[in-house]
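So the protein lines, in turn, are chains F and B. With this note's numbering, you'll find the first sequence wraps up at 231, consecutive numbering, no jumps. With this note's numbering, you'll find the second sequence wraps up at 462, consecutive numbering, no jumps. For every residue, glycine included, the Cβ atom is placed at its ideal position computed from N, Cα and C.
Protein chains: 2
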Amino acid sequence: MSSAALDALQKRLGHRFARPDLLARALTHRSFGADHNERLEFLGDAVLSLAVSSLLYERYAGSDEGDLTRVRAHLVREDSLHKLALALGLPEVLKMSDGEARGGGAQRPSILADAVEAVLGAAYIDAGYEAALAVVRRLLGETIATAAGAGDFGKDAKTALQEWLQARRIAVPSYRIVAARGQAHAQTFEVECAVPALDMAELGEGRSRRTAEQEAARRLLDRLTAERGKP
Amino acid sequence: MSSAALDALQKRLGHRFARPDLLARALTHRSFGADHNERLEFLGDAVLSLAVSSLLYERYAGSDEGDLTRVRAHLVREDSLHKLALALGLPEVLKMSDGEARGGGAQRPSILADAVEAVLGAAYIDAGYEAALAVVRRLLGETIATAAGAGDFGKDAKTALQEWLQARRIAVPSYRIVAARGQAHAQTFEVECAVPALDMAELGEGRSRRTAEQEAARRLLDRLTAERGKP
Chain F
1 MSSAALDALQ
11 KRLGHRFARP
21 DLLARALTHR
31 SFGADHNERL
41 EFLGDAVLSL
51 AVSSLLYERY
61 AGSDEGDLTR
71 VRAHLVREDS
81 LHKLALALGL
91 PEVLKMSDGE
101 ARGGGAQRPS
111 ILADAVEAVL
121 GAAYIDAGYE
131 AALAVVRRLL
141 GETIATAAGA
151 GDFGKDAKTA
161 LQEWLQARRI
171 AVPSYRIVAA
181 RGQAHAQTFE
191 VECAVPALDM
201 AELGEGRSRR
211 TAEQEAARRL
221 LDRLTAERGK
231 P
Chain B
232 MSSAALDALQ
242 KRLGHRFARP
252 DLLARALTHR
262 SFGADHNERL
272 EFLGDAVLSL
282 AVSSLLYERY
292 AGSDEGDLTR
302 VRAHLVREDS
312 LHKLALALGL
322 PEVLKMSDGE
332 ARGGGAQRPS
342 ILADAVEAVL
352 GAAYIDAGYE
362 AALAVVRRLL
372 GETIATAAGA
382 GDFGKDAKTA
392 LQEWLQARRI
402 AVPSYRIVAA
412 RGQAHAQTFE
422 VECAVPALDM
432 AELGEGRSRR
442 TAEQEAARRL
452 LDRLTAERGK
462 P
């Protein structure tokens, strides 16, 4: 890859590598050869998790562990990292075998997400945890700062979904029970949450109608924010 | 709890808290009241994972990601943390409700494992990542340094199991195919690994007889090391 491309990437990361070989390795898929990024990915996965945990802990002093865990899971999942990889321009700088490249490897979400983690692992080895934390803060700080407003915390999913739609002047969702199974006291409800204007619907299941509605709303909200960017 | 007990704990951790309130909170189960340790546990879980990852990465430069991941999982699982909690004397210093205490809460593995994580989270907040890493190095450094000798790396599970047994003068295990399903080229084998002298057996499944044997051997070795201490 060109050194201009590597320069641009380091600017986006806000970290200039003292050891550029580490960055090069982080960008090398295992199909390319022995110096691939899997060990760095192993490390970077944990770097990302602690950095995100730490930023969430600091930012949301009033949130309980369950909320924090849910948001952390959302932020570190493949889908989120894939978007981050695209924003960083990783498809242009990844090294992989010709076969893998012809098969569309540089666009594959799992390969891109792994590369993001590997880059964070490389930053940790290059300059220590605080430096890697600074990269994560730069890349995800805003997302983390606004997570609360997105209904990921505090607010229930139905409220968050309604606010998301209202902010875009889209009619509120409708809920209907599609199935109720089992005897009283041990029933399971299946509820559909639908947004006709968007032609979208998701199902949720729960031990009460309310729980099932929340679950359906959360799924729909997750799809909306995944497909249409941040809430 | 007595300040002597807290003193002793800090000596064992190798970290003296600038903010003893953080340590006190890390040792408070949610049954005791609002200032409980669950948020610190959320953070500490990630601190532990990165610290262990980093120490493994450094110590085992030749091991691949799969081996590192397997050993990390072993080191951070509840069972391992429970042992660490006992070595640190946490049952004596944990605060919990009378009801929880009467129910044996101070001996419960999950509560103790969570408290270990919370203490690491507290060290991270108190003095930063490097300080928390130093605590993990002190507590687990030797275990990590000897993991390779234990057959957790490099060696295959069958060899590791055989060596574990030979070191204790126990007769070698026997393997037998208990089932083979599917057509040639798409077969699945189920193999039993048995150690008659210990009256123990485990099953393993795989696409080849060898893979199934390895899986069975690894399960048996995991059980042995869990039940009878470190390999």
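Indicate whether at least one CB of chain B lies closer than 8 Å to the CB of residue 65 of chain F.
Translated into the one-based positions of the first sequence, residue 65 of chain F becomes position 65. Yes - at least one Cβ of chain B is within 8 Å of the one on residue 65 of chain F.
Kindly list, in the order they appear in chain F, the residues whose Cβ is closer than 7 Å to that of residue 300 of chain B.
Numbered from its first residue, the second sequence carries residue 300 of chain B at position 69. Per Cβ cutoff of 7 Å: 42.
Exposed or buried, what is residue 99 of chain F when buried is set at 16 or more other beta-carbons lying within 10 Å of its beta-carbon?
On the first sequence, position 99 is the one that residue 99 of chain F refers to. So residue 99 of chain F counts as exposed.
Taking C-beta pairs closer than 7 Å, name the residues in chain F that residue 284 of chain B reaches, listed in chain order.
If you number the second sequence from 1, residue 284 of chain B lands on position 53. The answer, in chain order, is 42, 43 and 46.
Rounded to a whole number of angstroms, what is the C-alpha to C-alpha distance between residue 405 of chain B and residue 303 of chain B?
Residue numbering aside, residue 405 of chain B sits at position 174 when the second sequence is read from its first letter. Residue numbering aside, residue 303 of chain B sits at position 72 when the second sequence is read from its first letter. Counting only the Cα atoms, residue 303 of chain B lies some 29 Å from residue 405 of chain B.
For residue 38 of chain F, which residues in the same chain have their Cβ closer than 7 Å to its Cβ, ignoring the five residues on either side in sequence?
Here residue 38 of chain F is taken as the residue at index 38 of the first sequence, counted from 1. Closer than 7 Å at Cβ, skipping near neighbours: 30.
Taking only beta-carbon positions, decide if residue 269 of chain B is within less than 8 Å of chain F.
Locating residue 269 of chain B in the second sequence gives position 38, where the first residue counts as 1. With 8 Å as the cut-off, residue 269 of chain B counts as an interface residue toward chain F.
How far does the alpha helix (DSSP H) with residue 273 of chain B in it extend, from its first residue to its last?
As a first step, residue 273 of chain B is located in the second sequence; it is residue number 42 there, counting from the start. Run containing residue 273 of chain B: 269-290, per the alpha helix (DSSP H) assignment.
Tell me, please, whether the CB atom of residue 3 of chain F is closer than 8 Å to any CB atom in chain B?
In the first sequence, the residue the question calls residue 3 of chain F occupies position 3. So, not an interface residue.
Taking the alpha-carbon of residue 194 of chain F as reference, which of F/46, F/142, F/183 and F/216 has the nearest alpha-carbon?
Taking the first sequence and counting its residues from 1, one reaches residue 194 of chain F at position 194. The closest CA to that of residue 194 of chain F, considering only F/46, F/142, F/183 and F/216, is found on F/216.
Taking the C-alpha atoms as reference points, what is the distance between residue 138 of chain F and residue 412 of chain B?
Residue 138 of chain F sits at position 138 when you count from the first residue of the first sequence. Residue 412 of chain B sits at position 181 when you count from the first residue of the second sequence. If you take the alpha carbons of residue 138 of chain F and residue 412 of chain B, they lie about 52 Å apart.
Any contact of the region 386-397 of chain B with the region 280-289 of chain B, i.e. 3+ C-beta pairs under 8 Å?
By the C-beta criterion, the region 386-397 of chain B is judged not to be in contact with the region 280-289 of chain B, since fewer than 3 inter-stretch pairs fall below 8 Å.
Quick one: any contact between the region 13-30 of chain F and the region 246-256 of chain B, if contact means 3 or more CB pairs under 8 Å?
no
So with CB distances below 9 Å, who are the chain F contacts of residue 280 of chain B?
Residue 280 of chain B sits at position 49 when you count from the first residue of the second sequence. Contact of residue 280 of chain B with chain F by beta-carbon distance below 9 Å involves 45, 46, 49 and 50.
Any chance you could list the alpha helix (DSSP H) runs of at least 4 consecutive residues sitting entirely within the region 290-321 of chain B, in chain order?
296-307 and 309-319
Counting only runs of 4+ residues fully inside the region 118-168 of chain F, write out the alpha helix (DSSP H) ranges in chain order.
Contiguous alpha helix (DSSP H) elements confined to the region 118-168 of chain F occur at 129-146 and 157-167, taking only those with 4 or more residues.
With distances taken from CA atoms, which of B/375, B/437 and B/402 is nearest residue 290 of chain B?
Here residue 290 of chain B corresponds to residue number 59 of the second sequence, with the count starting at 1. The shortest Cα separation from residue 290 of chain B among B/375, B/437 and B/402 belongs to B/375.
I need the straight-line Cα distance from residue 103 of chain F to residue 84 of chain F, nearest angstrom please.
For the purposes of this step, residue 103 of chain F is taken as the residue at position 103 of the first sequence. For the purposes of this step, residue 84 of chain F is taken as the residue at position 84 of the first sequence. Roughly 22 Å separates the two Cα atoms.
Kindly indicate which three-state DSSP category residue 189 of chain F falls into: helix, strand or coil?
What you label residue 189 of chain F is simply residue 189 of the first sequence in a count that begins at 1. In this structure, residue 189 of chain F counts as strand in the three-state DSSP scheme.
Kindly indicate which three-state DSSP category residue 111 of chain F falls into: helix, strand or coil?
Numbered from 1 along the first sequence, position 111 holds the residue referred to as residue 111 of chain F. Taken through DSSP and simplified to helix, strand or coil, residue 111 of chain F comes out as helix.
Interface residues of chain B around residue 175 of chain F at Cβ under 8 Å?
Along the first sequence, one-based indexing puts residue 175 of chain F at 175. Ordered by position in chain B, no residue passes the 8 Å Cβ test against residue 175 of chain F, which lies about 32 Å from the chain.
Can you give me the start and stop residues for the alpha helix (DSSP H) that residue 410 of chain B sits inside?
Residue 410 of chain B sits at position 179 when you count from the first residue of the second sequence. First-last for residue 410 of chain B: 405-412, but that is the beta strand (DSSP E), not the alpha helix (DSSP H).
Under 8 Å, do residue 422 of chain B and residue 408 of chain B count as touching if we go by C-beta distance?
Counting from 1 along the second sequence, the entry for residue 422 of chain B is found at position 191. Counting from 1 along the second sequence, the entry for residue 408 of chain B is found at position 177. The answer is yes: Cβ separation under 8 Å.
Would you please state the rounded distance, in angstroms, between the beta carbons of residue 344 of chain B and residue 313 of chain B? I believe it to be under 8 Å.
The sequence position of residue 344 of chain B within the second sequence is 113, counting from 1. The sequence position of residue 313 of chain B within the second sequence is 82, counting from 1. With a Cβ gap of about 5 Å, residue 344 of chain B and residue 313 of chain B count as contacting.
Let me know if residue 233 of chain F comes out buried or exposed under the rule of 16 or more other beta-carbons within 10 Å of its beta-carbon.
The requested residue 233 of chain F does not occur in the structure, where chain F is confined to residues 1 to 231.
Please report the Cβ distance between residue 128 of chain F and residue 55 of chain F, rounded to the nearest whole angstrom; I am assuming they are in contact, meaning their Cβ atoms lie under 8 Å.
Translated into the one-based positions of the first sequence, residue 128 of chain F becomes position 128. Translated into the one-based positions of the first sequence, residue 55 of chain F becomes position 55. Not really, about 17 Å apart at Cβ, beyond 8 Å.
Could you check how far apart the C-beta atoms of residue 274 of chain B and residue 352 of chain B are, in whole angstroms? I think they sit under 8 Å.
For this step, residue 274 of chain B is matched to residue 43 along the second sequence. For this step, residue 352 of chain B is matched to residue 121 along the second sequence. Residue 274 of chain B to residue 352 of chain B, Cβ: 4 Å. Contact.
So, residue 320 of chain B versus residue 240 of chain B, is the Cβ gap smaller than 8 Å?
Here residue 320 of chain B refers to the residue found at position 89 when the second sequence is read from its first residue. Here residue 240 of chain B refers to the residue found at position 9 when the second sequence is read from its first residue. The answer is yes: Cβ separation under 8 Å.
For residue 231 of chain B, which of B/431, B/420, B/428 and B/449 has the nearest alpha-carbon?
The structure shown does not extend to residue 231 of chain B, since chain B is modelled only from 232 to 462, so the question has no answer here.
List the endpoints of the continuous beta strand (DSSP E) containing residue 457 of chain B.
Here residue 457 of chain B is taken as the residue at index 226 of the second sequence, counted from 1. Counting along the chain, residue 457 of chain B falls outside any beta strand (DSSP E), though it belongs to the alpha helix (DSSP H) covering 440-459.
Leaving out five residues before and five after residue 198 of chain F in sequence, what residues of the same chain have Cβ atoms less than 7 Å from its Cβ?
In the first sequence, counting from the first residue as 1, residue 198 of chain F sits at position 198. Result list for residue 198 of chain F: 170, in chain order.
Can you check DSSP and say which residues form a bridge with residue 426 of chain B?
Here residue 426 of chain B refers to the residue found at position 195 of the second sequence. Residue 426 of chain B is bridged to B/431.
Tell me which same chain residues have a C-beta within less than 7 Å of the C-beta of residue 450 of chain B, skipping the five on either side of it?
Position 219 of the second sequence, counting from 1, holds the residue named residue 450 of chain B. Excluding sequence neighbours, residue 450 of chain B sits near 433 and 435.
Buried or exposed for residue 326 of chain B, please, with buried defined as at least 16 other CB atoms from any protein chain shown within 10 angstroms of its CB.
Within the second sequence, numbered from 1, the residue matching residue 326 of chain B stands at position 95. Its Cβ being crowded by 16 or more others within 10 Å, residue 326 of chain B is buried.
Could you give the residue range of the alpha helix (DSSP H) that holds residue 242 of chain B?
Residue 242 of chain B sits at position 11 when you count from the first residue of the second sequence. 234-244 is the extent of the alpha helix (DSSP H) around residue 242 of chain B.
Checking the sheet assignment: what are the DSSP bridge partners for residue 436 of chain B?
The residue you call residue 436 of chain B lines up with position 205 of the second sequence. B/421, per the DSSP bridge assignment.
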